[in-house]
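Here is the structure we will look at.
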Amino acid sequence: SSNVSHFFGCPYRDIWRTGNNLYNSGGGGYVLSKMALEQFITKALNHSKCVKPEPRQTKNSKGSKSKKVSNRGEDLEIANCLKLIGILPEDTRDHENRSRIFQGALRSYLYPFSNHTQENAIRYYRLKHGASAVSERLISFHKVTPSEMYVFEFLLYHAKTALPGDRHLATVAI
1 SSNVSHFFGC PYRDIWRTGN NLYNSGGGGY VLSKMALEQF ITKALNHSKC VKPEPRQTKN
61 SKGSKSKKVS NRGEDLEIAN CLKLIGILPE DTRDHENRSR IFQGALRSYL YPFSNHTQEN
121 AIRYYRLKHG ASAVSERLIS FHKVTPSEMY VFEFLLYHAK TALPGDRHLA TVAI
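Anchor point for the sequence shown: position 157 equals 157 in the UniProt record's numbering, and the numbering is continuous, going up by one each time.
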(Lines of atoms letter the chains of each structure in order from A and count residues from 1; the text may use other names and numbers.)
(Lines give C-alpha, C1' and ligand atoms only; values in the text may rest on other atoms or scores of the structure.)
Protein backbone atom coordinates (compact mmCIF):
# COMPACT_ATOMS: atom_id res chain seq x y z
CA SER A 1 0.00 0.00 0.00
CA SER A 2 1.25 3.49 -0.79
CA ASN A 3 -0.02 4.66 2.62
CA VAL A 4 2.45 2.42 4.48
CA SER A 5 6.20 3.07 4.68
CA HIS A 6 8.19 0.35 2.91
CA PHE A 7 11.89 0.20 2.07
CA PHE A 8 12.59 -2.78 -0.19
CA GLY A 9 15.90 -3.88 -1.68
CA CYS A 10 18.84 -6.25 -1.40
CA PRO A 11 19.74 -6.07 2.32
CA TYR A 12 23.39 -5.91 3.35
CA ARG A 13 25.08 -5.52 6.73
CA ASP A 14 27.12 -2.35 7.09
CA ILE A 15 30.07 -4.11 8.71
CA TRP A 16 32.61 -1.38 7.95
CA ARG A 17 31.18 1.67 9.63
CA THR A 18 28.21 0.98 11.85
CA GLY A 19 28.43 -2.64 12.94
CA ASN A 20 25.55 -4.79 11.78
CA ASN A 21 23.11 -2.07 10.73
CA LEU A 22 21.15 -3.02 7.62
CA TYR A 23 20.98 -1.11 4.38
CA ASN A 24 19.68 -1.93 0.92
CA SER A 25 22.45 -2.05 -1.65
CA GLY A 26 22.14 0.67 -4.27
CA GLY A 27 23.62 -1.52 -7.02
CA GLY A 28 20.45 -3.42 -7.87
CA GLY A 29 18.33 -0.56 -6.65
CA TYR A 30 15.86 -0.17 -3.84
CA VAL A 31 12.20 0.73 -3.67
CA LEU A 32 10.56 3.26 -1.37
CA SER A 33 6.79 3.33 -1.08
CA LYS A 34 5.10 6.69 -1.63
CA MET A 35 4.72 7.15 2.14
CA ALA A 36 8.36 6.22 2.85
CA LEU A 37 9.57 8.69 0.22
CA GLU A 38 7.35 11.41 1.67
CA GLN A 39 8.64 10.72 5.20
CA PHE A 40 12.23 10.63 3.94
CA ILE A 41 11.84 14.10 2.44
CA THR A 42 9.79 15.71 5.22
CA LYS A 43 11.23 14.02 8.33
CA ALA A 44 14.47 12.12 7.74
CA LEU A 45 16.30 14.81 5.79
CA ASN A 46 15.43 17.33 8.51
CA HIS A 47 16.62 15.05 11.33
CA SER A 48 19.74 16.41 13.06
CA LYS A 49 21.49 13.01 12.88
CA CYS A 50 20.75 12.43 9.20
CA VAL A 51 24.18 12.90 7.61
CA LYS A 52 24.08 14.31 4.12
CA PRO A 53 26.89 13.10 1.84
CA GLU A 54 29.76 15.59 1.87
CA PRO A 55 30.97 16.55 -1.60
CA ARG A 56 34.68 16.42 -2.32
CA GLN A 57 36.70 17.47 -5.32
CA THR A 58 38.23 14.80 -7.54
CA LYS A 59 41.00 15.29 -10.06
CA ASN A 60 40.74 14.27 -13.67
CA SER A 61 43.54 12.53 -15.60
CA LYS A 62 45.21 15.90 -16.33
CA GLY A 63 45.42 16.77 -12.63
CA SER A 64 42.89 19.59 -12.65
CA LYS A 65 39.82 19.69 -10.42
CA SER A 66 36.87 17.75 -11.73
CA LYS A 67 33.30 17.19 -10.56
CA LYS A 68 32.24 16.91 -6.93
CA VAL A 69 31.39 13.43 -5.66
CA SER A 70 30.17 12.10 -2.33
CA ASN A 71 32.48 10.57 0.28
CA ARG A 72 29.88 7.98 1.28
CA GLY A 73 27.57 5.62 -0.52
CA GLU A 74 24.10 7.03 -0.95
CA ASP A 75 22.61 3.62 -0.13
CA LEU A 76 24.18 3.65 3.36
CA GLU A 77 23.16 7.23 4.01
CA ILE A 78 19.55 6.76 2.88
CA ALA A 79 19.24 3.66 5.08
CA ASN A 80 20.73 5.48 8.08
CA CYS A 81 18.38 8.45 7.64
CA LEU A 82 15.34 6.20 7.23
CA LYS A 83 16.33 4.21 10.32
CA LEU A 84 16.24 7.44 12.36
CA ILE A 85 12.51 7.71 11.64
CA GLY A 86 11.79 3.99 12.10
CA ILE A 87 11.81 2.80 8.48
CA LEU A 88 13.97 -0.32 8.07
CA PRO A 89 14.93 -2.50 5.08
CA GLU A 90 12.37 -5.21 4.37
CA ASP A 91 12.76 -8.75 3.06
CA THR A 92 12.00 -9.08 -0.66
CA ARG A 93 12.67 -12.81 -1.02
CA ASP A 94 9.88 -15.03 -2.30
CA HIS A 95 8.14 -17.92 -0.47
CA GLU A 96 11.07 -20.23 -1.36
CA ASN A 97 13.63 -17.75 0.02
CA ARG A 98 14.91 -16.87 -3.46
CA SER A 99 16.18 -13.35 -4.00
CA ARG A 100 14.34 -10.83 -6.18
CA ILE A 101 16.82 -7.94 -6.15
CA PHE A 102 20.49 -8.53 -6.93
CA GLN A 103 23.53 -6.30 -6.53
CA GLY A 104 25.46 -7.97 -9.35
CA ALA A 105 25.05 -9.28 -12.88
CA LEU A 106 22.28 -11.86 -13.30
CA ARG A 107 24.61 -14.30 -15.09
CA SER A 108 26.83 -14.57 -12.01
CA TYR A 109 23.87 -15.74 -9.91
CA LEU A 110 22.49 -18.21 -12.46
CA TYR A 111 25.84 -19.97 -12.89
CA PRO A 112 25.59 -23.05 -10.60
CA PHE A 113 29.22 -22.93 -9.47
CA SER A 114 29.39 -19.24 -8.59
CA ASN A 115 31.33 -18.40 -5.48
CA HIS A 116 29.56 -15.62 -3.61
CA THR A 117 31.78 -15.87 -0.52
CA GLN A 118 32.57 -12.16 -0.35
CA GLU A 119 29.00 -11.10 -1.04
CA ASN A 120 27.61 -13.61 1.49
CA ALA A 121 29.90 -12.08 4.12
CA ILE A 122 27.94 -8.81 4.00
CA ARG A 123 24.57 -9.96 2.65
CA TYR A 124 21.88 -10.27 5.30
CA TYR A 125 20.49 -13.45 3.71
CA ARG A 126 22.91 -16.02 2.31
CA LEU A 127 22.71 -16.64 -1.43
CA LYS A 128 21.95 -19.99 -2.98
CA HIS A 129 23.75 -21.10 -6.16
CA GLY A 130 22.34 -21.42 -9.67
CA ALA A 131 18.78 -20.90 -10.81
CA SER A 132 17.52 -21.85 -7.33
CA ALA A 133 18.93 -18.50 -6.12
CA VAL A 134 16.73 -16.41 -8.42
CA SER A 135 13.01 -15.83 -7.89
CA GLU A 136 10.61 -16.25 -10.79
CA ARG A 137 9.32 -12.82 -9.71
CA LEU A 138 12.65 -11.07 -10.29
CA ILE A 139 12.61 -7.30 -9.69
CA SER A 140 16.09 -6.05 -10.60
CA PHE A 141 19.78 -6.77 -10.98
CA HIS A 142 22.89 -4.70 -11.57
CA LYS A 143 25.81 -4.53 -14.03
CA VAL A 144 23.89 -5.06 -17.29
CA THR A 145 25.94 -4.51 -20.43
CA PRO A 146 24.44 -2.67 -23.41
CA SER A 147 24.33 -5.89 -25.47
CA GLU A 148 22.54 -7.69 -22.62
CA MET A 149 19.89 -4.97 -22.64
CA TYR A 150 19.07 -5.89 -26.24
CA VAL A 151 18.94 -9.60 -25.36
CA PHE A 152 16.59 -8.97 -22.43
CA GLU A 153 14.39 -6.68 -24.51
CA PHE A 154 14.11 -9.36 -27.22
CA LEU A 155 13.33 -12.15 -24.75
CA LEU A 156 10.77 -10.08 -22.84
CA TYR A 157 8.91 -8.40 -25.67
CA HIS A 158 9.51 -10.29 -28.91
CA ALA A 159 10.33 -13.99 -28.35
CA LYS A 160 7.44 -16.44 -28.27
CA THR A 161 7.47 -19.95 -26.84
CA ALA A 162 7.05 -22.70 -29.44
CA LEU A 163 4.49 -25.26 -28.31
CA PRO A 164 3.63 -28.63 -29.91
CA GLY A 165 0.69 -28.21 -32.26
CA ASP A 166 1.39 -24.50 -32.76
CA ARG A 167 0.17 -23.64 -36.27
CA HIS A 168 3.06 -21.19 -36.65
CA LEU A 169 5.59 -23.97 -35.98
CA ALA A 170 6.22 -25.16 -39.53
CA THR A 171 7.98 -28.40 -40.37
CA VAL A 172 10.66 -28.08 -43.01
CA ALA A 173 11.51 -31.13 -45.11
CA ILE A 174 15.21 -31.73 -45.60
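Every residue, glycine too, gets a C-beta built ideally from N, C-alpha and C.
- Counting every other CB atom within 10 Å of its CB across the protein chains shown gives Gly86 a total below 16, marking it as exposed.
- Around the Cβ of Gly130, a 10 Å sphere holds fewer than 16 other Cβ atoms; the residue is exposed.
- In the displayed model, Val134 falls within a strand according to three-state DSSP.
- One Cα belongs to Glu119, the other to Lys34, and the distance between them is close to 30 Å.
- In the displayed model, Asp166 falls within coil according to three-state DSSP, outside both helix and strand.
- Assigned with DSSP and collapsed to three states, Arg107 falls in helix.
- Collapsing the DSSP output to three states places Pro146 in a helix.
- Here the alpha carbons of Phe141 and Pro112 stand approximately 17 Å from one another.
- Per DSSP, reduced to three states, the secondary structure at Leu88 is coil, with no helix or strand assignment.
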